[in-house]
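A.B. asks:
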Amino acid sequence: MTQLARSTVLVTGANGGLGTHFVHQALERGATKVYAAARNPREWGDERVVPLRLDVTDAASVAEAARVATDVSVVVNNAGAATGASVLGDLDDSRALFETNFWGALEVANAFTPALRQSRGTLLNVLSVLSWLGIGDAYSATKAALWSATNTQRLRLAGDGVHVAALHLGYADTPMTQHLDVAKIDPADVVRTAYDGIEAGEHEILADDVSRQVKQGLAGPLEALYPQLAGARS
Numbered sequence: 110m111t112q113l114a115r116s117t118v119l120v121t122g123a124n125g126g127l128g129t130h131f132v133h134q135a136l137e138r139g140a141t142k143v144y145a146a147a148r149n150p151r152e153w154g155d156e157r158v159v160p161l162r163l164d165v166t167d168a169a170s171v172a173e174a175a176r177v178a179t180d181v182s183v184v185v186n187n188a189g190a191a192t193g194a195s196v197l198g199d200l201d202d203s204r205a206l207f208e209t210n211f212w213g214a215l216e217v218a219n220a221f222t223p224a225l226r227q228s229r230g231t232l233l234n235v236l237s238v239l240s241w242l243g244i245g246d247a248y249s250a251t252k253a254a255l256w257s258a259t260n261t262q263r264l265r266l267a268g269d270g271v272h273v274a275a276l277h278l279g280y281a282d283t284p285m286t287q288h289l290d291v292a293k294i295d296p297a298d299v300v301r302t303a304y305d306g307i308e309a310g311e312h313e314i315l316a317d318d319v320s321r322q323v324k325q326g327l328a329g330p331l332e333a334l335y336p337q338l339a340g341a342r343s
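Its first residue numbered 110, the sequence shown is counted upward by one per residue in the working numbering.
#1: Using the DSSP secondary-structure output, state which residues sit across from Val185 in a beta bridge.
#2: Quick check on this structure: which residue in Thr302, Ile314, Ala247 and Val120 has the alpha carbon closest to the alpha carbon of Val158?
#3: Could you have a look at Pro160 and say whether DSSP puts it in helix, strand or coil?
#4: Please report the distance separating the alpha-carbon of Gly213 from that of Glu332.
#5: Residues in its own chain within less than 6 Å of Thr117 by CB, not counting five upstream and five downstream?
#6: For Ala274, which beta-bridge partners are listed by DSSP?
#7: What are the uninterrupted segments assigned as alpha helix (DSSP H) that are 4 or more residues long and contained completely in the segment 289–315, given in chain order?
#8: From the DSSP output, read off the bridge partner residues of Tyr144.
#9: What do you reckon, are the CB atoms on Ala258 and Leu276 nearer than 8 Å?
#10: Given this structure, state the Cα-to-Cα distance separating Leu225 from Ala188, to the nearest angstrom.
#11: Please state the DSSP three-state secondary structure of Tyr248.
#12: Does the Cβ of Gly306 have 16 or more other Cβ atoms within 10 Å, making it buried, or fewer, making it exposed?
#13: Rounded to a whole number of angstroms, what is the C-alpha to C-alpha distance between Thr209 and Thr192?
#14: Do you know how far the Cα of Asp164 is from the Cα of Thr251?
#15: Does DSSP classify Val319 as helix, strand or coil?
#16: Where does the unbroken alpha helix (DSSP H) through Gln134 begin, and where does it stop?
#17: Alpha carbon to alpha carbon, what distance is there between Leu113 and Arg138?
#18: Quick one, which of Asp298, Phe221, Arg229 and Leu338 has its alpha-carbon nearest Asn186's?
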């Protein structure tokens, strides 16, 4: 099992609401170095934090980051977007969202797999409760696809000693959700749960009650997850 103490961590989307907590809490748990990767990296005022340019939609950018950060033992695949794209109608926006949330996440995972094999480390894919619920439209589709790919990564890399974990959460109180009038969880709690799960060797980390309830509901009738379907054709 991967321990954060004395580890080297890379966080994509490090400037965002969850990303910032992933950086700070890794240091609090004793990480010796954190690569704070972002499309537009910033200074952190801490010599243990290494700003790193990484645009998940740019394969050359990802490859260059992997060339620099060869010493990572934990990769937090956190970068993502929510644009309101739909799987119905014009699909250009949906394709663009998949470039970030799905293909970009796979690009990062593949680029850093050699380092994780060397360190026998951990890949954490930040997913969502919407991996299991289609109410998020194209966003849900991207997270569902990444959930499936995460299972494949887990199986393919287990023999190499690489731990692949998925983090599922409901709405966290971050800039990405600031326009939503819904109950939100503290991003600090989400990240604390994620790191606890990594250190415990968990494969699927459920950050809140909503994620736990929805996962349990997957075994039930579809109408229980989607009450909108009840009587829809009557």
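Glycine included, every Cβ here is placed at the ideal spot set by N, Cα and C.
C.D. replies: In brief:
#1: Looking at the DSSP output, Val185 shares a beta bridge with Val120 and Leu233.
#2: Ranking the options by Cα distance to Val158, first place goes to Val120.
#3: Looking at Pro160 - three-state DSSP - the assignment turns out to be strand.
#4: One C-alpha to the other measures close to 33 Å.
#5: Around Thr117: Lys142, Asp180, Val181 and Ser182.
#6: Beta-bridge analysis with DSSP links Ala274 to Leu233.
#7: Along the length of the segment 289–315, whole alpha helix (DSSP H) runs at least 4 residues long occupy 296–309, reported in chain order.
#8: Beta-bridge pairing links Tyr144 to Leu119 and Val159.
#9: The beta carbons of Ala258 and Leu276 sit no closer together than 8 Å.
#10: One C-alpha to the other measures close to 19 Å.
#11: When DSSP states are grouped into helix, strand and coil, Tyr248 belongs to the helix group.
#12: The residue in question, Gly306, is buried, as its Cβ has 16 or more Cβ neighbours within 10 Å.
#13: Spanning the two alpha carbons is a distance of roughly 11 Å.
#14: Cα to Cα, the separation comes out at about 18 Å.
#15: Val319 falls in the helix class under three-state DSSP.
#16: Note, Gln134: alpha helix (DSSP H), Gly126 to Glu137.
#17: The alpha-carbon atoms of Arg138 and Leu113 are separated by roughly 6 Å.
#18: Taking only the C-alpha atoms, the option nearest Asn186 is Phe221.
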